[in-house]
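If you read the protein sequences in the order shown, they are chains V and U.
Residues in the first sequence are numbered consecutively from 1, following the numbering used here.
Residues in the second sequence are numbered consecutively from 1001, following the numbering used here.
Below is one structure, written out as C-alpha cells; the observations come after it.
Protein chains: 2
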Amino acid sequence: MPQTRPLNQEVSLSVIKTACSNCNLRELCLPLGLSLEELERLDDLVSTRRRVKRGDHLYRAGEGFDAIYAIRSGFFKTDVLLEDGRDQVTGFQMAGELLGLDGISTEHHTCNAIALEDSEVCAIPFSRLEGLSREIHTLQHHFHKVMSREIVRDHGVMMLLGTMRAEERLAAFLLNLSQRFTSRGFSHAEFYLRMTREEIGSYLGLKLETVSRAFSKFQEEGHIAVQQKHIRILNVSGLKALMNHQR
Amino acid sequence: MPQTRPLNQEVSLSVIKTACSNCNLRELCLPLGLSLEELERLDDLVSTRRRVKRGDHLYRAGEGFDAIYAIRSGFFKTDVLLEDGRDQVTGFQMAGELLGLDGISTEHHTCNAIALEDSEVCAIPFSRLEGLSREIHTLQHHFHKVMSREIVRDHGVMMLLGTMRAEERLAAFLLNLSQRFTSRGFSHAEFYLRMTREEIGSYLGLKLETVSRAFSKFQEEGHIAVQQKHIRILNVSGLKALMNHQR
DNA sequence: GCGTTGGCTTGATCCATGTCAACCGCGATA
DNA sequence: TATCGCGGTTGACATGGATCAAGCCAACGC
C-alpha cells in the first residue's frame, strides 16, 4: 500500500530522513559534490519513492520514459529482449546506482528493470532534473559524468564478452561485485549473490552450466569458497591472475 | 600543412560554409532541433576543426579530456587496450557521429580513436558545451539523448556479443552499416568497408578467419557480393533472416 | 515426515569457432 | 617488370564451451 505523505510539521522529520541531503548514499549517487543548499533543491525533486518487491518490474521495455531512478536499497537486474525471444542481462545494479538512463534517447525504456530483492528507489522526474541541472552547474556536470561512466562500463562489458574466456569473465565479475560491495561499506571478501547462475551466465555470455563449473573450479583451486549463493573470496590476487590468462 | 585562417571579411564566407549552421550533417549531429539563432551560438563554440590522416590517432587512451568531437567527414574506429595486451574495437564512427563521450567520466579518454580514412572533425570544448546547454534547453536535451543513444547502442553490442553466433553477428553488422550509410544519403546496398577483417572480428568478438568465412558463406548463399572491401547487399531480408537463426 | 520444485552440480558428448598453416592477389615500390 | 608485403581466403585440425541428461540439495507446502 502506498504511504501517504503527512502534511503536518511534526512528521516532516521522517521525510527529511529519507531525503538526498540525509541519505547515506549521497556520496555514491547523484548528489555527489553538491552544496547543502543545492542538495535541498534536489530534495524537492526527488520526492517520490517507490518500493519494488523481489521479482517485480520497476519498468518494462517499451514503456514511456519520464524519470530515472536512484536505488536507495536493494538489488536490480536490467535485461533486453530480442524479437526472436533471446534475452540478455545487461547489468546488475545496487544501492546508489542509477537506473533508466537508456530511456532518455527514445523517451521509451529500452530494457526491463527487475528487482532481485525487495528494493526501494527514488524516482527523479527527468525533465525536472534537466531543469535543475541548467541551474546547478555541479549537478549538470556530475550527471554527465554518471552517463559517461555508464558508457565506459559498457565498454568494459564488451571487452569482457569479446576477448575473455569463461573463467576470466567470472573472475572479472566477482572482482567487480566485490569492489562495489566494498565501496558501499560491505565486506569485500564475503557476500551473497542476489542472482541465479543463469542470470550470471546471461550477463557474461555463458550457459549456466559453464558458470557452475567455473565456480567449482575456483573453489578447487582455493580462490573462493562457494555455497550456493554465499561467496567468500579467499585469494583476490589469484582471481586477478586468472583474468590475464590470455588465450 | 595546416590551413591558416584569413582574417579579412571576404573569406569569412568560407568560414560560414563550414559552420554548424551550414553543415549538411546538422540533422544527424549535435545541432538537431536548434533554431537558427541557437545554431549561430553553437557555431561560436565549434570553431576548431582538425584533420586526421588515415591511421592517425584523434586521441589516445589516458590523454586528458577537454573536448568531444563531431565527425565532419571520414571514418573512425575506437578501441580499448587491456593491461595484458589484448585489445578490442569498441565501435566504428562515421560522419555526424560524436567521439569522446567516454572521456567525460574521468576527465581522461578511456579509449583510442583512430581514423580509418583521411577525416575531418569539429572539436567541441566540453565545458563550453555544458555552458551553452545550460542556456539552450533544446541543446541540453539533445545532448542527453545522444549520450543515452550511445548507451543503448552499447547494449545492442553486448546483446550481439553475448547471444549471437558468428554469422548472425556479421549479418547484424552489415545491416547496421547499411542503415547508417542510408541515413547519410549513400546507397544502402553498396559500400566500401573502411576496416580490415581483423578489425571487424575484433569488434564482433571473432577471429578474422571466421569473419572471412562468413563473408564467403553469405556470398555463396547469394545474400551479398564481396570483393575485398567492396560490399554489395543483394538480399536484405535474407540477411535479416540470418540474424534470427537462434541456437 | 514427505513430496515437490527450483536452482545447482556434474558427467558425457558434440560442434562452432579458434588455431595453425599454406596460398592467393593486389597495390606499392624498386 | 619483378618483388615484396599486407590483407584476405581456404583447409585441416584442436578445443572451449554448449548441449543433453542425470542427479543433488535446500526451501517450502501439505
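Glycine included, every Cβ here is placed at the ideal spot set by N, Cα and C.
Nearest-angstrom Cα separation, counted from residue j out to residue i
i	j	result
His144 of chain V	Tyr69 of chain V	16 Å
Gly1085 of chain U	Ala241 of chain V	14 Å
Leu81 of chain V	His108 of chain V	14 Å
Glu117 of chain V	Arg51 of chain V	11 Å
Thr1182 of chain U	His1155 of chain U	22 Å
His1142 of chain U	Thr106 of chain V	11 Å
Ala19 of chain V	Val46 of chain V	8 Å
Glu37 of chain V	Arg26 of chain V	14 Å
His1137 of chain U	Gly1131 of chain U	11 Å
Met159 of chain V	Leu42 of chain V	36 Å
Val11 of chain V	Ile151 of chain V	Confidence at Val11 of chain V is low in this model, with a pLDDT of 36, below 50, so its placement is unreliable and no value can be given for it.
Asp66 of chain V	Val121 of chain V	15 Å
Phe75 of chain V	Lys53 of chain V	10 Å
Ser1133 of chain U	Leu1039 of chain U	12 Å
Local conformation of residue i per DSSP, three classes
i	result
Ala1061 of chain U	coil
Gln1228 of chain U	coil
Asp1044 of chain U	helix
Ser1187 of chain U	coil
Gly1055 of chain U	coil
Asp154 of chain V	helix
Glu1120 of chain U	strand
Leu1081 of chain U	strand
Thr90 of chain V	strand
Gly267 of chain V	This structure gives no information on residue 267 of chain V, because the portion of chain V shown stretches from 1 to 247.
Ser35 of chain V	coil
Ile1233 of chain U	strand
Ile1071 of chain U	strand
Residues near residue i by beta carbon distance below 7 Å, same chain, minus five either side
i	result
Val226 of chain V	Phe215, Gln219
Arg232 of chain V	Ala189, Glu190, Ile224, Ala225
Arg1005 of chain U	Because Arg1005 of chain U sits at a pLDDT of 40, beneath the cut-off of 50, its placement in the model cannot be relied upon, and the following sentence gives the value as read from the coordinates. For Arg1005 of chain U, where only same-chain residues beyond five positions count, there are no Cβ hits under 7 Å.
His230 of chain V	Tyr192
Glu198 of chain V	Leu208
Cβ neighbours of residue i in the same chain (closer than 8 Å, five flanking residues each side left out)
i	result
Gly222 of chain V	Leu234, Asn235, Gly238
Proximal residues to residue i (C-beta, below 6 Å), its chain only, five neighbours per side dropped
i	result
Thr48 of chain V	Ala123
Ser1212 of chain U	Arg1197
Outcome for residue i when other beta-carbon atoms lying within 10 angstroms are tallied against a minimum of 16
i	result
Gln228 of chain V	exposed
Lys77 of chain V	buried
Gln179 of chain V	exposed
Gly295 of chain V	Residue 295 of chain V is absent from the model: chain V starts at 1 and stops at 247.
Gly1062 of chain U	exposed
Ser1127 of chain U	exposed
Ser148 of chain V	buried
Ser1119 of chain U	buried
Gly201 of chain V	buried
Arg1194 of chain U	buried
Ser187 of chain V	exposed
Pairing CB atoms from the region 1088-1100 of chain U with CB atoms from the region 1032-1047 of chain U, are three or more of them under 8 Å? no
Given 8 Å as the limit, is there contact between the region 1166-1175 of chain U and the region 1196-1214 of chain U, that is, 3 or more CB pairs closer than that? yes
For the region 108-122 of chain V against the region 53-61 of chain V, do three or more pairs of beta-carbon atoms, one drawn from each stretch, fall closer than 8 Å, so that the two count as touching? yes
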